[in-house]
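Engineer:
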Amino acid sequence: GTVLLLLASLLFCWGTCASEIFVRVNGSDSSTCGSEMAACRTLQQAVQVAEPNDHVLMGDGDFVQFTPVIINKTITIEGIGRQRSIISCANNGSSALHVSQSLVLSRLTFTNCYDSAIYASSSIATTIEVNECEFSNNSGSSLASAISVSSGSVSLYIQNSTFENNTASNVFGEGAIHTA
């Protein structure tokens, strides 16, 4: 009975169970990175190797994004705590994430991004959940500085998160959050 139950669980899990993809500042990006012992170095590579419904686990440190990470599959990105897992755009005139699929973000800081740390647009029903995150020192000109949702198909849920010193510079900018 126990062996049969275990075998049935493994067969069910084969195509449906989420994996954990690890990211650390001292990791190494490769097509096989992501395990706890061989973590990816960048969020971009972790998202690339992730499968739908996987959990990307960000370690301690400052992860600099020079171009937006494209989120085109449903995933969870989780840090170890605000001010510990930091996604920075390094004031390079870029967003951190471009989202077109459902996404859960937890315990992360987004800082120094331009025209939305998180930009979401989708023609399909998409949900973005932001839990225990911090958005600080982000700026924008035509969009919001922290989160911009430009489609009615995207639902945004934010809880226990903070927004500090986020600015938009023209009349169309809306400060921290913009929805269309």
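Here the UniProt record's numbering is used: the first residue of the sequence shown is 1, the next is one more, and so on.
By construction, the Cβ of each residue, glycine as well, lies at the ideal position given by its N, Cα and C atoms.
Note that the structure is predicted; figures quoted are calculated from it, not measured.
1. Quick one: what does DSSP say Ala120 is sitting in, helix, strand or coil?
2. Determine the burial state of Phe110: buried for a count of at least 16 other Cβ atoms within 10 Å of its Cβ, exposed for fewer.
3. For the pair the segment 66-84 and the segment 33-40, tell me if three or more CB-CB distances fall below 8 Å.
4. Pick from Ala125, Val69, Phe22, Gly61: whose alpha carbon is nearest that of His55?
5. For Ala146 and Ser28, what's the separation of their Cα atoms in angstroms?
6. DSSP three-state call for Leu97: helix, strand or coil?
7. Within the segment 117-168, note down every full beta strand (DSSP E) run reaching 3 residues or more, in order along the chain.
8. Report the start-end ranges of each alpha helix (DSSP H) in the segment 33-85 that is 4 residues or longer and not cut off at the edges.
9. By the DSSP assignment, the beta strand (DSSP E) with Ser106 in it spans what residues?
10. I need the boundaries of the beta strand (DSSP E) containing Val23, first residue and last residue.
11. Comparing alpha-carbon positions, which option in Ile177, Val154, Gly152 lies nearest Glu164?
12. Which whole-angstrom value is the C-beta distance of Asp86 and Val47, which I expect to be below 8 Å?
13. Can you tell me which of the three DSSP states Ser88 falls into?
14. Using the rule of at least 16 other Cβ atoms within 10 Å of the residue's Cβ for burial, across every protein chain shown, is Asn92 buried or exposed?
Structural biologist: Per the coordinate set shown:
1. strand
2. buried
3. no
4. Phe22
5. 29 Å
6. strand
7. 118-120, 126-131, 134-136, 147-149, 154-159, 162-164
8. 43-49
9. 103-106
10. 20-23
11. Ile177
12. The sequence given here places Ile at residue 86; Asp does not occur at that position. Not confirmed; about 17 Å, so no contact.
13. strand
14. exposed
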